[in-house]
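Worksheet for the structure shown next.
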Amino acid sequence: MARKPITMRYVKDILRLKHQNQLSVREIAGSCGLPASTVGDYLQRAQAAGLNWPLPEGISDAELMERLLKCADSSPHSGPGKPTPDWPILHKELGRKGVTLQLLWQEYRQAHPEGYQRSQFCQLYRDWAKTLDPVLRQAHQPGQKLFVDWAGVKVPIHHADGSVTQASLFVAVMGFSNKTYVEAFPNEQLEHWIAAHCHAFAFYGGLTRAVVPDNPKTAVTHPCRYEPVLHRSYQEMARHFGTVILPARIKKPRDKAKAETGVQIVERQILALLRDQRFFSVGELNQALRPLLDRLNAQEFQKLEGTRNSWFEAQEKPVLLPLPTQPFELATWGKATVNIDYHAVVDYHGYSVPYSLVHQVLETRSTATTVEFFHQGKRVAAHVRSYESGKFTTLEEHRPKSHQRYLAWTPSRLIDWARQTGPQCAQLVEQILKDRPHPEMGFRSCLGIIRLGKGVGAERLEAACARALRWGTCSYRSVKSILENHLDRQNLEPELPLSSPVHSNVRGQAYYAQASQVEEAC
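All letters in the sequence shown, in the order written, are residues 9 to 530 by my numbering.
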C-alpha cells in the first residue's frame, strides 16, 4: 500500500541530503523527523522517475509530486540468496586512505548487480564490525561532520555593580582534522546558540555536510532515539547554510565523542591557564581565549604527524561546502490567535491579517526587522516589525470592504463632497463636524445626509440644509424630517425684530412655528 504523501519541502530536503550531502537513509530520517521507511520509499521513487539533485529547472511542486506518485517501489528487497561480502577484507580495505564504504559498496555492486542496496550493505558491515571490538573507533571523512557542544565549565564575569554572571563556552570540533573553535557567550539561549554556529562556520571558511549537536532545547525540542524533532529556527539555519543537523542519541556520548574530547581539551589546555584571571565582560574573555585557541590548533599531535591546522588546510578545507552569500537572519517561530478586530499580537504589538482569519491560530515568524504570519503553511501577512507595546500596525487590504469604505472618508473629503451639492450643504456638514467632540463622531450623520441626497436630488437637499441651518437644527434626523414633510419647498419666513430685550432664551415666534412643524412631522 502506498505511503501517505509528504510535503514537497521534505521531498526536496531528502533529495538534497542524499545527493549533495551524501547521507544515509537513517541520517536523513533523523534530520527531517521522518520514518526511515518513508525516506527510502521516496528515494526509490525519485530514482525510478529519473530525478536527481538539483531538480530540473522550472519543475513545479505539483509536477514533482505527480512524477513521484506514478513511480512504484521498484527497488529489490533484501532476501535470501544474495552474495555475502568478505567482511574481513572490506574492513582491511577501509583502513586505507581515501577508501569509504560508498566506494566498497560500488565495487561490490559491480561484481554482484543483484547484491545488497547501499543502506543495507553499510548496516551489515556495522553489525559485523561490532563483533570485533565492543567499542568501534569512528573513522570520519574530511568535511563530513562538525561536532558542537557547550562546555560544562562556566567562566565568572564580574560586573561594575558587584554582580557576577556565568559565561558559557561554545566548542566546535572538526571530525577529521580536530580543528577546534571556542567562543564565550553570556548564556546558552537560542540567539547565542545560532550565533555560535554562524561564527564557527565563518572561522572554518566553509561548512561540513552535517553538524552533530547534543540535545539542548535550543537544538532539539522533542528528543527521541529514532526521530528527534529539531528546533524550527535551528533547522531553518541549517537549510540556509546547506548543511544538515544530526543530533546525537540521548545518553550516548560516543555519538559525539569528538565534542566530548574537544571540550575536555579546551578545559585543560585553555581554561586551566585562565583560572586565576578575572574577566569583566564576555568580550574581554574572548580576547583572552583567541591566542590560546590559535596555539592549540598549531600544536603538534602526540601520536600523529602534523597539527590540527595542517590537517585542516591540506585535507578538510578544500572539500568544505561554500558559505552562502547572504548572512543568516535569526527567526523566532511562535503562534498567535487572531482577535475579532483581525489583529494578532506578537510581543505586545498588534499586526493585521486578512479579516477572514478571525479566531484562527496562526504561526508567526519574527526577525529583528519583520513579522510574518502563516496559515496552513502559507504566508498570509507580512509587516515591518514594531517594538511599540500596545500599538497596532494595519494594512488596508486586510480590512473588510465595509470598513475600507468607511475609513476612506475624512472631514475634508466630506466637506468637499457637500460643496458639490451647494454652499448650504457644505456649511451644514462643517457645522456637524464642528459640534462633535471628535470629527469622527459626526461621520455617520454626514454619510447619512449623503444617502438622502442620492434619493431626492441636490436641489431639495440644498434647500433642506438651508432650513436646518436657519433654525439651528444641524443633524441627520432634522434634514430627513424636513425632506419627508416637504418643508424644503416652503419659503423661509424672515425673522421678525424683537421688541423685548434680546438674549439667549428668547427665540421668537418663527422658531416655535418651525419647531411645531418638525414635531408634527416626527
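Every residue, glycine too, gets a C-beta built ideally from N, C-alpha and C. A quick note: this is a predicted structure, and the numbers were derived from the prediction, not measured.
Asked	Found
Under 8 Å between C-beta atoms of residue 214 and residue 62	no
Span of the alpha helix (DSSP H) around residue 439	431–443
Cα-Cα separation between residue 133 and residue 95, rounded to whole angstroms	7 Å
Span separating the alpha-carbon of residue 166 from that of residue 195	15 Å
Separation of residue 313 from residue 129, as counted between CA atoms	33 Å
Terminal residues of the alpha helix (DSSP H) in which residue 216 lies	Element bounds for residue 216: n/a, residue is neither H nor E.
C-beta contact flag for residue 112 and residue 98 at 8 Å	yes
Cβ neighbour criterion (16 or more within 10 Å) applied to residue 461	buried
Contact the region 420–428 vs the region 374–381: 3+ CB pairs below 8 Å	no
The ligand ZN heavy atom lying under 7 Å from the CB of residue 220	The ligand ZN is absent from the structure shown, which contains no ligands of any kind.
DSSP-derived helix/strand/coil call for residue 344	strand
Buried or exposed by the 16-neighbour rule on C-beta atoms within 10 Å, applied to residue 141	Model confidence at residue 141 stands at a pLDDT of 41, short of 50, so the residue's coordinates are unreliable; what they give is reported in the following sentence. Result: exposed.
Limits of the unbroken beta strand (DSSP E) element including residue 452	Segment 451–464 is the alpha helix (DSSP H) holding residue 452; no beta strand (DSSP E) there.
Delimiting residues of the alpha helix (DSSP H) encompassing residue 488	484–492
Within 8 Å, strictly: CB atoms of residue 240 and residue 341	yes
Contact under 8 Å by Cβ, residue 180 with residue 163	no
Residues near residue 474 by beta carbon distance below 6 Å, same chain, minus five either side	432
Under the three-state DSSP convention, the category residue 157 falls into	strand
Reference residue 531; option with closest CA among 322, 407, 346	Residue coverage of the chain in this structure runs from 9 to 530, which leaves residue 531 outside it and unanswerable.
Entirely enclosed alpha helix (DSSP H) segments - the region 19–57, minimum 4 residues	33–40, 44–56
Nonlocal neighbours in the same chain, by C-beta distance under 8 Å from residue 336, ignoring five residues either side	202, 206, 245, 248, 249
Of the listed residues 349, 359, 16, 439, nearest to residue 75 (C-alpha basis)	16
Rounded straight-line distance, which links the Cα of residue 386 to that of residue 369	13 Å
Same chain, Cβ closer than 7 Å to residue 484, neighbours up to 5 away in sequence not counted	453, 456, 457
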